[in-house]
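Since the structure comes first, as structure tokens, the remarks are kept for the end.
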Amino acid sequence: MSEQDVKKIAVFASGTGTNYTALKAYEGPGRYQIALLVSDRPGAPVTVRAANDGVSVFAEEIRGRGDRGRFEARILEHLKDARIDLIVLAGYMRLIGETLLSVYPERIVNIHPSLLPAFPGREAIAQALAYGVKVTGATVHLVDAGLDSGPIIAQQAVEVTEDETLETLTTRIHSVEHALYPQTVARLLHTPYRVRGRRFEWV
Ligand code: GRF
1 MSEQDVKKIA
11 VFASGTGTNY
21 TALKAYEGPG
31 RYQIALLVSD
41 RPGAPVTVRA
51 ANDGVSVFAE
61 EIRGRGDRGR
71 FEARILEHLK
81 DARIDLIVLA
91 GYMRLIGETL
101 LSVYPERIVN
111 IHPSLLPAFP
121 GREAIAQALA
131 YGVKVTGATV
141 HLVDAGLDSG
151 PIIAQQAVEV
161 TEDETLETLT
171 TRIHSVEHAL
181 YPQTVARLLH
191 TPYRVRGRRF
201 EWV
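Just so we're aligned, residue 1 is where the sequence shown starts under UniProt numbering, counting upward by one.
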């Protein structure tokens, strides 16, 4: 396979980076290569993981209101230099703005630890547990300007047991994420798809 055939992704993350590590482990021919790690938290554990893997890291703090556009413009330069095909959010704690959405339409994805549209936003696993749902799970979706609101690509359910704690449920949802996300990302890069209204469809 020539260098040009390799699909390149940028992972955006703010925190621990277990999804980054799962994505990294799934790299390969016919799948993708992680060419860039972007973070709004310099020094976050995920930036250390990526640096240790030899992945290029671009990390800068966003300072104050109105800085997101400038931050995204700087990110864009790195994305273009690295010839990124798909942006993969993995625990990135910021909304994506028009600067990136307009250049990567339907080419930005996110994973969220609930069955959307239930429990968007932060602490989704705790929200679901406190609500008393019997089934929750993980959702991979396209990113739009809203909070966890874009068209749904894939979902996997996780049953809530009688003696569930936040720790046990978090562990099970994360292990579902770590399998679902890399496989879905690879499929997106190699299988045509279209979006009609809210409906995502493989073609
Ligand atoms: C994951 O649960 C993901 O669904 C959510 O943020 C969490 C990131 O965890 N968007 P990690 O940093 O990948 O461990």
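Think of the CB as a built atom: it goes at the ideal place given N, C-alpha and C, for glycine as much as any other residue.
Buried or exposed, going by whether 16 or more other CB atoms sit within 10 Å of the CB of proline 113?
buried
According to DSSP, is valine 55 part of a helix, a strand, or is it coil?
coil
Please tell me whether, using a cut-off of 8 angstroms, the distance from the CB of tyrosine 20 to the nearest non-hydrogen atom of the ligand GRF is below it.
yes
With distances taken from CA atoms, which of Ile96, Phe58 and Val158 is nearest leucine 116?
Val158
Let me check understanding here. Comparing Cα to Cα, which of Leu142, Pro120, Glu98 and Arg94 lies closest to arginine 107?
Leu142
Can you tell which of Pro151, Thr170, Gln156 and Ile87 has its C-alpha closest to the C-alpha of arginine 198?
Pro151
Cβ pair count under 8 angstroms reaching 3, the segment 123–134 against the segment 74–82
no
What would DSSP say about arginine 31, mapped onto helix, strand or coil?
coil
Which residue's Cα is closest to the Cα of leucine 147: Glu60, Val185, Arg194 and Gly97?
Gly97
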